Amino acid sequence: MKTVLITGATSGIGKATTELLAAIGFKLILTGRRNDRLLELKENLSHLTDIHTLCFDVRDSDFIENLVSNLPDEFKKIDVLINNAGNAYGRDPIHKGSLADWENMMDINVKGLLYMTRAISPQMVERKSGHIINIASLAGRETYPNGAVYCASKSAAKAATDGTRKDLNPFGIKVSCIDPGLVETEFSEVRFHGDKETAAKVYQGYTPLTAFDVAETIEFVLSRPAHVNIADTLVLCTDQAASTIVRKE
Ligand code: NDP
Ligand code: 8X3
């Protein structure tokens, strides 16, 4: 069975993907910063498959550079990398944005994805096989007011995905991008710095995607035959037509 490394497995889309792929029997390397959640996932899912957990911040390039060499032998061969870790921080117009929020988004959503890809892709190149699935966003395709920097980070993630596909094409490696619209996870709680009330309002009056909906899309992309690469996928809830067009009661 293939080994899949998932960044941001502790919550939302990453957690739902973890649960779905464990049920199918994929060997999993689960990562995130909250070790208690990683250990809980391992405890709950170990009867289904082999799981290794790694607690680190995707901004830690030194840790990531040595990640593969520090893995137990049975987890060193990584067939699929799912670059999912990421968040929005803040929802402000450009002239009022917080530099700390901007650093977070660029360092996590863009540089973290690049560090992971740089660390894992060489072994895929050597074997001439592998699959990298990046979770970008509808926000990487179109901008919306008070979201310039998050949108810029996701647009960069999309461009990085496209460039990666071109670089890795000679080696038969699949590179895919999945762009969800509104998904109800901890995303808005993080965006609004822990303000649960404001976060909950983001998902009121319509039916957003669930993390499981996106996990199913990831599983579909991952399970195509060897000659098929789903390069790019936009997944919206039925109530959403564009970033700023959502049908509400
Ligand atoms: P959640 O907040 O529920 O999950 C985010 C995950 O990313 C957590 O597991 C978190 O783990 C991890 N993460 C965040 N920062 C870091 C970091 N510095 N180092 C390591 N791991 C980190 O949000 P979602 O599940 O919604 O988000 C997953 C991805 O989907 C993100 O890239 C997001 O941009 C994207 N997306 C989300 C949409 C939505 O509407 N929810 C829509 C489109 C795309 P921990 O805190 O333990 O480190
Ligand atoms: C997350 C969806 O609309 O909050 O990428 O930017 S949105």
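Just so we're aligned, residue 157 is where the sequence shown starts under our numbering, counting upward by one. Beta carbons: idealized from backbone N, C-alpha and C, even for Gly. Quick caveat: nothing in here was measured; it's all calculated off a predicted structure.
Residue range of the alpha helix (DSSP H) that includes residue i
i      : result
Leu201 : Asn191 to Leu201
Lys183 : Looking at the DSSP string, Lys183 is not in any alpha helix (DSSP H); the run it does join, the beta strand (DSSP E), is Lys183 to Gly188.
Asp323 : Ala304 to Leu324
Ala127 : Within the shown structure, residues of the chain are numbered from 157 to 405, placing residue 127 beyond reach of any answer.
Glu176 : The amino acid at residue 176 is misidentified as Glu; the sequence shows Leu. Looking at the DSSP string, the run of the alpha helix (DSSP H) that includes Leu176 is Gly168 to Ile180.
Own chain, CB closer than 8 Å to residue i, minus 5 neighbours either side, in chain order
i      : result
Ala172 : Thr366, Ala367, Phe368, Val370 and Ala371
Residue environment, residue i, which counts as buried when at least 16 other CB atoms sit within 10 Å
i      : result
Gly286 : buried
Val384 : exposed
Asn200 : exposed
Asp218 : exposed
Thr159 : buried
Thr373 : buried
Ser277 : buried
Gly164 : buried
Thr320 : buried
Lys310 : buried
Ile238 : buried
Leu195 : exposed
6 Å CB neighbourhood of residue i in its chain, flanking five on each side removed
i      : result
Ile250 : Ala304
Glu405 : Gly361
Bounding residues of the beta strand (DSSP E) (the contiguous stretch that carries residue i)
i      : result
Asp218 : Run containing Asp218: none in the beta strand (DSSP E); it sits in the alpha helix (DSSP H), Ser217 to Glu221.
Val370 : Segment Ala367 to Leu378 is the alpha helix (DSSP H) holding Val370; no beta strand (DSSP E) there.
Ser332 : Lys330 to Pro336
Just checking, does the stretch 264–271 make contact with the stretch 213–223 on the three C-beta pairs under 8 Å criterion?
yes
At least 3 beta-carbon pairs within less than 8 Å: the stretch 202–211 vs the stretch 178–191
yes
Does the stretch 254–266 come within contact of the stretch 327–344, defined as at least 3 CB pairs closer than 8 Å?
no
Touch check for the stretch 312–327 and the stretch 220–227: three-plus C-beta pairs under 8 Å?
no
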